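Order-wise, the sequence lines are chains A and B.
Residue 86 in this note's numbering sits at position 86 of the first sequence, and the numbers go up by one each step.
Residue 157 in this note's numbering sits at position 157 of the second sequence, and the numbers go up by one each step.
Heads up, the beta-carbon is just placed ideally off N, CA and C, and yes, glycines get one too.
Everything numeric in this text was worked out from a predicted model, so none of it was measured.
Working notes for the structure below.
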Amino acid sequence: MAALGRQKSNILDKGLGKGKPEVNIATYALLFSEIVQYCQNRVQTVPELQNRLSEMGQHVGSHLLDVLLLREKGYKRELKLLNMLLFIKSNLWKTLFGREADKLELANDDERTYYLIEKEPIVNKFISIPKDKGSLNCAAFTAGILESVLNGANFPAKVTVHWHKGTTFMIKFDESVIARDKLVEGR
Amino acid sequence: MGIFSVYIVNKAGGLIYQYDHNTQRPEVEKTFSYPLELVLKTFDDKVVVAFGERDGIKVGHTVLSINGIPAEGKVLQDRRDILDVLNDESNYPINIKFGRAKLTANEKLMLASMFHSLFAIGCQLSPEQRSSGIDLLETDTFKLHCFQTMTGIKFIVMTDPKQTAVDIFLKKLYEVYSDFALKNPFYSLDMPIRCDLFETNLQAAIEQSERQGVSNI
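In structure tokens:
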């Protein structure tokens, strides 16, 4: 009895911990394959399929944002746009995929648009797109995660996925975000 | 040149994937004089050697071309019947090319199903209890290895007799299949495999296996 009691208090004494659980890629790939098939059975066109995948990603992102900010940033919110994007590129990607995203770029002509580039996203690792679904990119799921993380952190944006240099996430921020960011930087 | 071709057969016996790594088929070209010492016969819309093996021309070899004119079934490209040409003394000396004709897709399907049935018969006929089927078929020019998975998929590989470590290659093939075919949401089970990543990785596995394993025993 005493030993049990000691065991119980030990577990409660321990902090919440970082808890970086790792999942076997095979398990993940099979689950993701089923997600894609589930969405595919309910839509008729390729853009709709990408939208469905994006919606599923948004559920994941909204749940993940709070936990991540808690663990990594010690309860502090990101106020500056660039810092938020860098946080996504390194921390979020590390938590989700175990490695950082490849490149983060600002569009030449439009200061509202940023590009996050990944040569070989892990979600697409085992997927070969058939010819009749030419433009489908299953990384639309990751785009959904990105979108809800940004929206939840009060940087409203739209994220779309494209086949460019591998896979590119085009992040388009609202005007209000850019204006506010200029004020914050100016201060 | 170690691994000639790969066939994947599903549990119903249908061929779902086929890849030829080495498309060279044995061919022999010789000049003959009348009378022809080989006995030819018409088989399955082709002219094949029935009797009289010599000089590398074996039973079952088809007439591929005569004097450079390719053969199409029982006639040459210029519409002359092959057997007539060969029976006519005035055409000699004549230059004939014999060889194994390239298998058409239909023939491959048929042969794969036939092997599937033979495999099942092999299990039943075996003198040992609970035999697991045909593992290796050996001839003087090639070896046919077969690996049956627990789900009934057979991976059949034809290799050079000197190629080693084929069972490791078969296991690698199984891994490639379970990775790039089974985890692909656009692939339905037991259907022909049409996945780019699967083909790329299969070819990489073949090349790696060839580099590692030709023994000189």
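- Excluding five sequence positions before and after His-116(B), the CB atoms of its chain that fall closer than 6 Å to its own CB belong to Val-9, Gly-13, given in chain order.
- DSSP places Asp-167(B) inside the alpha helix (DSSP H), whose first and last residues are 166-180.
- Neighbourhood of Leu-197(B) in chain A, by CB distance below 8 Å: Phe-126, Ile-127, Ser-128, in chain order.
- Asn-10(B) has a beta carbon lying at 7 Å or more from every beta carbon in chain A.
- Within the same chain, Cβ atoms closer than 8 Å to the Cβ of Asp-78(B) are found at Ile-69, the five residues on either side in sequence being excluded.
- Per DSSP, Asn-87(B) is one residue of the alpha helix (DSSP H) stretching across 82-87.
- Closer than 7 Å to the CB of Ser-33(A) there is at least one CB belonging to chain B.
- For Lys-171(B), not one C-beta of chain A is nearer than 7 Å to its own C-beta.
- Contact annotation, Gln-18(B) with Lys-108(B): C-beta distance approximately 6 Å; criterion of less than 8 Å satisfied.
- Scanning chain A for C-beta atoms nearer than 9 Å to the C-beta of Asp-179(B) yields Ala-26, Ala-29, Lys-125, Phe-126, reported in chain order.
- By a beta-carbon distance limit of 8 Å, Ser-5(B) contacts Met-158(B). Their separation comes to about 5 Å.
- Ser-54(A) is positioned such that its CB atom lies closer than 7 Å to that of Gly-144(A).
- Taking the C-beta atoms as reference points, Val-39(B) is found nearer than 7 Å to Phe-51(B).
- Judged by DSSP in its simplified three-state form, Lys-165(A) adopts coil rather than helix or strand.
- In this chain, Leu-103(B) is not harboured by any beta strand (DSSP E), its DSSP state being neither H nor E.
- If only uninterrupted alpha helix (DSSP H) runs of at least 4 residues are considered, those enclosed by the region 109-170 of chain A are 140-152.
- Annotated as distal: Phe-186(B) and Pro-121(A), with beta-carbon spacing of 7 Å or more.
- When beta bridges are read from the DSSP output, Leu-144(B) appears opposite Leu-137(B), Met-158(B).
- Remark: three or more beta-carbon pairs, one from each stretch, lie closer than 8 Å, so the region 141-158 of chain A and the region 56-65 of chain A are flagged as touching.
- Chain-ordered listing is empty here: chain A has no CB closer than 7 Å to the CB of Pro-192(B), the nearest sitting near 12 Å.
- Excluding its 5 nearest sequence neighbours in each direction, Ala-179(A) has no C-beta neighbour in its own chain below 7 Å.
- Phe-173(A) sits buried, since 16 or more C-beta atoms from the chains shown fall within 10 Å of its C-beta.
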